[in-house]
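K.L.:
What follows is a structure written as structure tokens; I'll ask about it next.
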Amino acid sequence: MCKGLTDLISAQKNLKTFDIKQVEVDELEDEIPSLITALPNTLIKLNISGENNISLSLITKLTDLQELKLFFNHNEDFRDFEELQYVVFPRLQILKIERACPGYELLIKFLENNGKNLKELYIGDIEGYSDNSLNLAIAKFCPNLRKLSAGFKNNESETLKIVFKSCQYLESFNIWCGGEFLSEKETLEVIAKYSHKNIYELILNYLDYTGPKLLPEELEDFFISWKNRISQGSLSLVVINYDTNSSDINDKNLEIIDKYIKLGVIKRFTTY
């Protein structure tokens, strides 16, 4: 079966997008790498997910990639990322490494080589992989980001400030809340004071199943600060809550949100 697929892929000289989801099928394990090897250099989007049996060194030739998504179940699935860290993808604009994550030192080196052109960056935003040195590397090597998903632990508010100072084009920010991460209050205070005028979307992502804990007065303080910012447009606010035992937002906070929607401070409010 894989031989036929490999031949088909080899014939697609102008192939632009390739998605592959791997499952645990022993008879295919040795055949899947041949599919990757057959991919043409014209590819601009690559999505590899599942139980990985592919050496990531095989994608080093795909230097036209604009979007790379790696969605693996286990950290050890990042086979040979040691080689990938040194490769330069001059057109890479979107990097999504979801659920599992390679070693932080390897990832930092990859960002050093490829971060300058990145417009969107998502790392470990399902399991909540977060590291202060990685966040500092994002600030240092990824100055042109428009969208970022990241977590900052309870003692890392200064790092969050550094990210805002460096990533001045940031438009959409998915920040993780709850548990070991910064409190909503501290997060919103930093965002109101240090984010740049390009920000139009804020996503509060409760990864640790803790649910929203923001007090009404804390939420209103944020909206007042946002309203008083110079040259600041309306904000889209999104709340993602994985805790089925807690409500997304309490009634008092909903009243406050509705108030600031009517005032034009909030453009859109969504919960998941």
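All you need for the working numbering is the position in the sequence shown, starting with 1, plus 27. The beta-carbon is built from N, C-alpha and C at its ideal position, and this holds for glycine as well.
Could you give the residue range of the alpha helix (DSSP H) that holds A65?
P.N.:
Within the sequence shown, the letter at position 38 stands for residue 65. That residue, A65, is in no alpha helix (DSSP H); it is neither H nor E in DSSP.
K.L.:
With a threshold of 8 Å, are at least 3 pairs of Cβ atoms found where one atom belongs to the region 90-109 and the other to the region 72-79?
P.N.:
yes
K.L.:
Over what stretch of residues does the beta strand (DSSP E) that includes V114 continue unbroken?
P.N.:
Counting from 1 along the sequence shown, the entry for residue 114 is found at position 87. First-last for V114: undefined, no H or E at that position.
K.L.:
Does the ligand ZN have even one heavy atom less than 7 Å from the beta-carbon of V265?
P.N.:
The ligand content of the structure shown is nil, which means the ligand ZN is not present either.
K.L.:
What do you get for Y233, buried or exposed, if any count of 16 or more other CB atoms within 10 angstroms of its CB means buried?
P.N.:
Within the sequence shown, the letter at position 206 stands for residue 233. By the neighbour-count rule (16 or more Cβ atoms within 10 Å), Y233 is buried.
K.L.:
Under a Cβ-count criterion, where at least 16 other Cβ atoms within 10 Å of its own Cβ denotes burial, should T297 be classed as buried or exposed?
P.N.:
For the purposes of this step, residue 297 is taken as the residue at position 270 of the sequence shown. T297 comes out exposed.
K.L.:
Expressed to the nearest angstrom, what Euclidean distance is found between the alpha-carbon atoms of G291 and F250?
P.N.:
On the sequence shown, position 264 is the one that residue 291 refers to. On the sequence shown, position 223 is the one that residue 250 refers to. Straight-line Cα distance between these residues: approximately 11 Å.
K.L.:
Since V265 sits in a beta bridge, which residues does DSSP pair it with?
P.N.:
Residue 265 sits at position 238 when you count from the first residue of the sequence shown. Bridge partners of V265: I230 and T297.
K.L.:
Taking the beta strand (DSSP E) that E94 belongs to, which residues open and close that run?
P.N.:
Position 67 of the sequence shown holds residue 94. Where E94 is concerned, the enclosing beta strand (DSSP E) stretches over E94 to F99.
K.L.:
Roughly how far, in whole angstroms, is the beta-carbon of P117 from the beta-carbon of N144, given that I think they are within contact range, below 8 Å?
P.N.:
Along the sequence shown, one-based indexing puts residue 117 at 90. Along the sequence shown, one-based indexing puts residue 144 at 117. That belief holds up - the Cβ atoms of P117 and N144 are roughly 7 Å apart, short of 8 Å.
K.L.:
Determine whether the beta carbon atoms of L241 and W253 lie at a separation below 8 Å.
P.N.:
As a working note, residue 241 is residue 214 in the sequence shown. As a working note, residue 253 is residue 226 in the sequence shown. Note that the C-beta distance between L241 and W253 is not below 8 Å.
K.L.:
What are the boundary residues of the beta strand (DSSP E) that Y149 is part of?
P.N.:
Indexing the sequence shown from 1 puts residue 149 at position 122. Counted as a single uninterrupted DSSP element, the beta strand (DSSP E) harbouring Y149 occupies residues E147 to I150.
K.L.:
Taking 6 Å as the limit between beta carbons, can you name the residues of its chain near I47, skipping five residues before and five after?
P.N.:
Here residue 47 corresponds to residue number 20 of the sequence shown, with the count starting at 1. These residues qualify, in order along the chain: I75.
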